[in-house]
Amino acid sequence: MPELPEVEHAARSLAEQILGRRIIAVTKLDWERMVETPAIDQFLDLVQNREVLAVGRRAKWIVLTLDGGWTLALHLRMSGSVTVEEPDAQPDIYTHLVLLLDNGQQMFFHDTRKFGRARLLDAPGLSALDTAHGVEPLTDDFTPEVLGALLRRRRTRIKPLLLDQRVIAGIGNIYADEALWNAQIHPLRFADSLNDDEIARLHSGIRLALLQGIEHGGSTLRNYRNGYGAAGTNQEHFNAYDRRGQPCPRCGTPIEKITVGQRGTHFCPFCQTLEREVGE
């Protein structure tokens, strides 16, 4: 699933192409269930002739600010991508939403597994989307002190906590593993067991993993593409994720894979030790 770096890169690459453009019409919508709100007839009516005033990201949502007080929010889920195509481009069977722009170009929402979602939101709807997600980890609001407060209130394993979008926005399986490797913290540690030094390391590790992902255009393991249709290369720079059996870049110990919270989890057993914790 595209995570914060992929969605951030997708939003930036879309902004370069559609900012200031006007959506003329929806020319294809063959999977109506992808539109969560409002009703389809309202969606089709309200989205047309809207100018794109801004393109950004909230958590794992691409957020298009439109005129008239509306916001088009797109979630890529497992296999989605949003690209800008030329006027003569023809959508394939996996392109379920097409928006025609005023310069003749088209915006394709391509999704092989049909998990992607679209929401056209008014101001209260946008506020609800915002409050449903936790702190953004690349903003100034995300400090070691804020992270510490979040962790100390929760007696849960650190890996599932990092995946909880209500706590920290945008982190998924890839970047949780990379952040924990950066911080040298075992994924089965309890969140409230981390001391101040470990919290500071985790704060830095989260930021480093996410910024590296953005720097390399995101991670393309299967379907992810940015707004130009280009794949990311961050998968070439993984330290732990998807590297089971390969040497740890830090110590040379083979990376191991376990299941934590029903998610495959990669870590170095030497660098990320699981010591007996207080309260166990």
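Numbering-wise, the UniProt record's numbering puts 116 at position 116 of the sequence shown, and it's gapless, one number per residue. From the three backbone atoms N, C-alpha and C, an ideal C-beta is built for every residue, glycine too. Since this is a predicted model, take the numbers as computed values, not measurements.
CB residue i to CB residue j, shorter than 7 Å?
i           : j       : result
Ser-219     : Gly-229 : no
Arg-119     : Glu-32  : no
Ala-73      : Thr-65  : no
His-216     : His-237 : yes
Val-98      : Thr-27  : yes
Ile-62      : Val-7   : yes
residue 294 : Met-34  : Nothing about residue 294 can be reported from this structure: the residues present for the chain run from 1 to 280 only.
Gln-165     : Ala-59  : yes
Met-78      : Met-1   : yes
Asn-182     : Gly-205 : yes
Gly-134     : Val-167 : yes
Quick check on DSSP: helix, strand or coil for residue i?
i           : result
Arg-58      : strand
Glu-275     : coil
Gln-48      : coil
Ile-214     : helix
His-186     : coil
Met-78      : coil
Val-167     : coil
Met-34      : helix
Phe-142     : coil
Leu-64      : strand
Ala-209     : helix
residue 289 : The shown model of the chain, from 1 to 280, leaves out residue 289, and the question about it has no answer.
Asn-90      : The sequence shown places Gln at residue 90, rather than the Asn named in the question. In the structure shown, Gln-90 sits in coil (DSSP, three-state: anything other than H, G, I, E or B).
Leu-194     : coil
His-9       : helix
Lys-28      : strand
Ala-132     : coil
Arg-157     : strand
Glu-3       : coil
What residues in its chain sit with their C-beta under 6 Å from that of residue i, if we drop five residues either side in the sequence?
i       : result
Gly-148 : Ile-199
Gly-80  : Asp-111, Gly-116
Arg-250 : Cys-271
Asp-4   : It is worth fixing the name first, because residue 4 is Leu in this sequence and not Asp. These residues qualify, in order along the chain: Gly-170, Leu-210.
Gln-184 : Cys-271, Gln-272
Glu-136 : Ala-169
Glu-51  : Arg-22, Asp-67
Residues in its own chain within less than 8 Å of residue i by CB, not counting five upstream and five downstream?
i       : result
Ile-40  : Leu-29, Glu-32
Val-47  : Ile-23, Val-26, Leu-66, Trp-70, Leu-72, Leu-99, Leu-120
Leu-163 : Ile-171, Gly-172, Asn-173, Ala-176, Gly-261, Arg-263
Pro-247 : Thr-253, Pro-254, Ile-255
Pro-87  : Gly-104, Gln-105, Gln-106
Suppose the cutoff is 7 Å on Cβ atoms and the five residues either side in sequence are ignored; what does the same chain contact list for residue i look like?
i       : result
Val-260 : Arg-157, Lys-159, Pro-160, Pro-187, Leu-188
Gly-245 : Pro-254, Ile-255
Tyr-241 : Ile-174, Asp-177, Glu-178, His-266
Pro-144 : Ile-199, Ala-200, His-203
Asp-192 : Leu-151, Arg-152, Arg-154, Arg-155
Arg-113 : Met-78, Ser-79
Ile-18  : Val-52, Val-55, Val-84, Leu-101, Met-107
Within the present structure, is the beta-carbon of residue i separated from the nearest heavy atom of the ligand MN by less than 6 Å?
i       : result
Ala-132 : Among the components of this structure there are no ligands whatsoever, and the ligand MN is therefore not found.
Segment contact flag, the region 11 to 20 with the region 209 to 228, C-beta cutoff 8 Å, min 3 pairs = yes
request  = Any chance you could list the beta strand (DSSP E) runs of at least 3 consecutive residues sitting entirely within the region 236 to 264, in chain order?
outcome  = 256 to 260
message = For the region 123 to 131 against the region 99 to 106, do three or more pairs of beta-carbon atoms, one drawn from each stretch, fall closer than 8 Å, so that the two count as touching?
response = no
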